[in-house]
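**Student:**
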Amino acid sequence: MRPKGKQAGNNQVKATRKNNLTFGFFIFVCIFLAMTGIYILAQHQFTLNNQIKISRLDEKIAKEKAVQKTLRVKLARLQSPARVERIARDILGMSDPNSIIYLRIEKGSNVRIVSKSKCDNLRIQNKETKTVSMDEEGFATLSRR
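The opening residue of the sequence shown carries number 26 in this note's numbering; numbering runs sequentially from there.
#1: Which of the three DSSP states is assigned to Met-60 in this structure?
#2: In chain order, which continuous runs of the alpha helix (DSSP H) of length 4 or greater are located wholly inside the region 62-119?
#3: Which class does Asn-44 belong to by DSSP, given the choice of helix, strand or coil?
#4: At the level of alpha carbons, what is the spacing between Arg-81 and Pro-122?
#5: Distance check for Phe-57 and Asn-44, CA to CA, integer angstroms please.
#6: What number of angstroms, rounded off, separates the C-alpha of Phe-48 from the C-alpha of Thr-61?
#7: Alpha carbon to alpha carbon, what distance is there between Ile-65 and Val-54?
#8: Is Arg-108 near Arg-114, with beta carbons less than 8 Å apart?
#9: Please classify Gln-68 as buried or exposed, where buried requires at least 16 neighbouring CB atoms within 10 angstroms.
#10: Using the Cα positions of Val-98 and Glu-110, report the straight-line distance between them to the nearest angstrom.
#11: Can you give the Cα-Cα distance for Ile-79 and Ile-112, rounded to whole angstroms?
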């Protein structure tokens, strides 16, 4: 009878060991799943933070591109030849160097031509010549050479 009792005791020990292994494996799986869940949540949080940073940077880029566009338009307007010519003519008193100025001078009058532009004053200092010619009707043509 003893052998039967031993077998029953061994079976009971095996069942207990089997239960302990199953319980240990269950605990291991639960811990593994919990750690995996925590890792996934951390990765998700990291991804969301980076997406927020990216969207803020995209907004900054869009604003800077708009500012850059307005600055380019302003630069083009400031560099336009018409504006430069207007400033040279109106503010600096300059004129086109190849322009012809028509003056009406009476015949026989003693006329002295006075230049008002800064550019002409520099030319006079450099001894550039101005030619005045009169036609039959009393019109004078002043040309710079």
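Cβ atoms here follow ideal geometry from the backbone N, Cα and C, with glycine treated the same way.
Here the structure is a predicted model, which means the values were calculated and not measured.
**Tutor:** This is what the structure gives:
#1: Taking the sequence shown and counting its residues from 1, the one referred to as residue 60 is at position 35. Met-60: helix per DSSP, three-state reduction.
#2: Entirely contained in the region 62-119, the alpha helix (DSSP H) runs reaching 4 residues are, in chain order, 106-115.
#3: Residue 44 sits at position 19 when you count from the first residue of the sequence shown. Helix.
#4: Position 56 of the sequence shown, counting from 1, holds the residue named residue 81. Position 97 of the sequence shown, counting from 1, holds the residue named residue 122. Take the alpha-carbon of Arg-81 and the one of Pro-122: they are about 55 Å apart.
#5: Taking the sequence shown and counting its residues from 1, one reaches residue 44 at position 19. Taking the sequence shown and counting its residues from 1, one reaches residue 57 at position 32. Each residue's alpha carbon lies about 20 Å from the other.
#6: Taking the first residue of the sequence shown as 1, we reach residue 48 at position 23. Taking the first residue of the sequence shown as 1, we reach residue 61 at position 36. When rounded, the separation of the alpha-carbon atoms in Phe-48 and Thr-61 is 20 Å.
#7: As a working mapping, residue 54 is identified with position 29 in the sequence shown. As a working mapping, residue 65 is identified with position 40 in the sequence shown. Rounded to whole angstroms, Val-54 to Ile-65 spans 16 Å at the Cα level.
#8: Taking the first residue of the sequence shown as 1, we reach residue 108 at position 83. Taking the first residue of the sequence shown as 1, we reach residue 114 at position 89. A distance of 8 Å or more separates the beta carbons of Arg-108 and Arg-114.
#9: Within the sequence shown, residue 68 is the residue found at index 43, counting from 1. Exposed, because fewer than 16 other Cβ atoms sit within 10 Å of the Cβ of Gln-68.
#10: Within the sequence shown, numbered from 1, the residue matching residue 98 stands at position 73. Within the sequence shown, numbered from 1, the residue matching residue 110 stands at position 85. Approximately 19 Å, taken between the alpha carbons.
#11: Counting from one through the sequence shown, the residue named residue 79 turns up at place 54. Counting from one through the sequence shown, the residue named residue 112 turns up at place 87. Counting only the Cα atoms, Ile-112 lies some 46 Å from Ile-79.
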